[in-house]
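Read through the structure below, which is laid out as C-alpha cells, and then see the notes.
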Ligand SMILES: [Zn+2]
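Numbering (the UniProt record's numbering), first residue to last: 1 to 451.
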C-alpha cells in the first residue's frame, strides 16, 4: 500500500468537504488565487507556457489563449514542468504496461502515474500526474459516492465494482487498481466481456457501488430484472458516456434508485457528479469550466457552448490551462436543496460514441467502441475512424508510416469482432490523409448506420 498516497487522499477528502458550502464570492476568489498559482508555476517551469503567455503574466484567465490536445502533444517535452519527462519514454512505459498486463497502480519510476486517452480526432493524448496530483485525481472520484450519500470508512470500506476497461493504460483501470491498492476492495471488470460472465463475477463480489459505462450497465440491469443477477448496490454510477433515458430507466428499475451521473475525462478527472437531490454540481474547487461559442466567446448559464475550456487547478506536471475539449456543455444556476453552492451542470453533449450494432447469430450484438480504441490506440496512426456500411466496416487510418502492416491491423480488428460474436461483417482498412470532420471540427471515432 502507498501510505503517502493514502495520507494525501484522506487529507484532500477532509479539506474538500469544507469547500462545498462556500459562498459564490469565495468560490470566485479561491478560483482566481488557485489559477494564479498554477500559471506562475507553469510560466516558471514550462518553456511552452512561458513562451505562450509572454506579456500575459498578469492577464485574467479569460484573456489567455486556449490550448488544444494536439498542441500539447506536439510540444509535450517543453510543456511539462519536470524536465526529465519525455513523451517517448511515457509512451514506452504505457506500451509495456499493456504488453505485460502490469499492475497500473504501481507508480512509474517510483513517482508518476500516466494514462492515455483518445479524443474526438482519434489522436491519442498522454497525461501524467505526480503523487500530489494523483491523490487529487483519486479524491475527485472518491467524492462521487459521498455526494451520492454513500460513505466509505477506512474500517468498513465500500466494495466497488467497475465495469469499464481493464486495459492498464486507461485511467479508469489505473484508478480502480489504485483504490484496490489503498485497501478499498475494488473489482475491475471489462465492459467488453459478456453480460453473463460479468453477472457471474458481480454476483460473487456483491458490490456496494457499481460503476460503469451505461452501455455496459444496461445489459446487467436486464440480467438483474430477469433474475439472473442478484446484487443490491447502494448506488450505481454511470461514467464516460452519455446516460440516456432508456439506460437510466432500466438501471433504476433494476436497482431501485436513479443512477448517479458523473462527468469526467482523463485530462480533468471528475468534473461534476450528482448529489442526493439528483442534480449535477461542478467541482468548482478543482476545475474552472468555461463553455464558449465557436469563436471562443463565453456563453451564459442556460446556453449550450460549442466547446469547453477547462483549467485543472491542481495540475502541475502537465499544466492544463484553458485546455480545449469538444464537449458541448450547458451550465445552470446555483442553489440546490442539498445545500451545496457549486454551480449546476445542466447538460453535456457530444461525448457519446456510437455503440455499433453488428450482425450476430440470430440477431445483432452491441459492440462497444472500446474494442476499436484498444487496437487502434496502439497502432502507428495519428487518427482513425470506424465507419459502419451496409456491407461491413471501413476503418480509416491517418498518418500511417510507409510499410505499416495494414493487413495485420485488419486481422486484429476482425478477430476481436469474431470474439464478440459478430458474423458476416467484412473489415476493410484504408489509409487516408486526414480523418473527415464535421463542420464543427469534430470527427466521430465510430460512425454507425444511424437510428
Ligand atoms: Zn445538490
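Glycine is no exception: its CB is placed at the ideal position from the N, C-alpha and C atoms.
Where residue i sits in the DSSP three-state scheme
i: residue 82; result: coil
i: residue 281; result: strand
i: residue 290; result: strand
i: residue 428; result: strand
i: residue 56; result: coil
i: residue 346; result: strand
i: residue 435; result: coil
i: residue 334; result: coil
i: residue 420; result: coil
i: residue 353; result: Note that residue 353 scores 49 on pLDDT, short of 50, meaning its location in the model is unreliable; the coordinates nonetheless yield the value given after this. Coil at residue 353, not helix or strand.
i: residue 73; result: helix
i: residue 397; result: strand
i: residue 269; result: strand
i: residue 165; result: coil
i: residue 195; result: helix
i: residue 121; result: Reliability fails at residue 121, whose pLDDT of 46 lies under 50, so the model's placement of it is uncertain and the value that follows must be treated cautiously. Three-state result, residue 121: coil.
i: residue 150; result: coil
i: residue 209; result: strand
i: residue 116; result: strand
i: residue 158; result: coil
i: residue 317; result: coil
i: residue 48; result: helix
i: residue 22; result: coil
i: residue 411; result: helix
Integer Cβ distance of residue i from residue j, believed to fall under 8 angstroms
i: residue 128; j: residue 90; result: 6 angstroms
i: residue 382; j: residue 431; result: With 8 angstroms as the limit, residue 382 and residue 431 do not qualify as a contact, their Cβ atoms being about 11 angstroms apart.
i: residue 141; j: residue 3; result: In fact, because the Cβ distance is near 20 angstroms, the residues do not count as touching under 8 angstroms.
i: residue 341; j: residue 29; result: Incorrect: roughly 13 angstroms between the Cβ atoms, too far for contact.
i: residue 392; j: residue 427; result: 6 angstroms
i: residue 317; j: residue 82; result: 6 angstroms
i: residue 246; j: residue 208; result: Incorrect: roughly 25 angstroms between the Cβ atoms, too far for contact.
i: residue 191; j: residue 163; result: 5 angstroms
i: residue 284; j: residue 36; result: Going by Cβ atoms, the distance from residue 284 to residue 36 rounds to 16 angstroms, so no, they are not a contact pair.
i: residue 231; j: residue 202; result: 6 angstroms
i: residue 5; j: residue 182; result: 7 angstroms
Residue i beta carbon near ligand 1 (any heavy atom closer than 7 angstroms)
i: residue 270; result: no
i: residue 340; result: yes
i: residue 264; result: no
i: residue 139; result: no
i: residue 279; result: yes
Beta-carbon gap between residue i and residue j smaller than 8 angstroms
i: residue 236; j: residue 161; result: no
i: residue 368; j: residue 215; result: yes
i: residue 144; j: residue 257; result: no
i: residue 337; j: residue 412; result: no
i: residue 334; j: residue 303; result: no
i: residue 315; j: residue 133; result: yes
i: residue 187; j: residue 198; result: no
i: residue 286; j: residue 313; result: yes
i: residue 126; j: residue 136; result: no
i: residue 105; j: residue 266; result: no
i: residue 62; j: residue 298; result: yes
i: residue 254; j: residue 200; result: no
Any non-hydrogen atom of ligand 3 closer than 7 angstroms to residue i Cβ
i: residue 46; result: Among the ligands modelled here, namely ligand 1, ligand 3 does not occur.
Quiz prompt | the region 151-166 / the region 342-350 touching (three or more Cβ pairs under 8 angstroms) | solution = no
Quiz item: Counting Cβ pairs, one atom from each stretch, are 3 or more of them under 8 angstroms apart for the region 320-331 and the region 293-310?
Solution: yes
Self-check item: the region 163-174 contacting the region 91-103, beta-carbon criterion three pairs below 8 angstroms
Solution: yes
Quiz item: Is it a yes or a no for the region 10-22 touching the region 287-295, going by three-plus beta-carbon pairs under 8 angstroms?
Solution: no
Exercise. Inspect the CB distances between the region 404-418 and the region 177-184 and report whether three or more fall short of 8 angstroms.
Key: no
Quiz prompt | Cβ contact check for the region 41-54 and the region 312-321: 3 or more pairs under 8 angstroms | solution = yes
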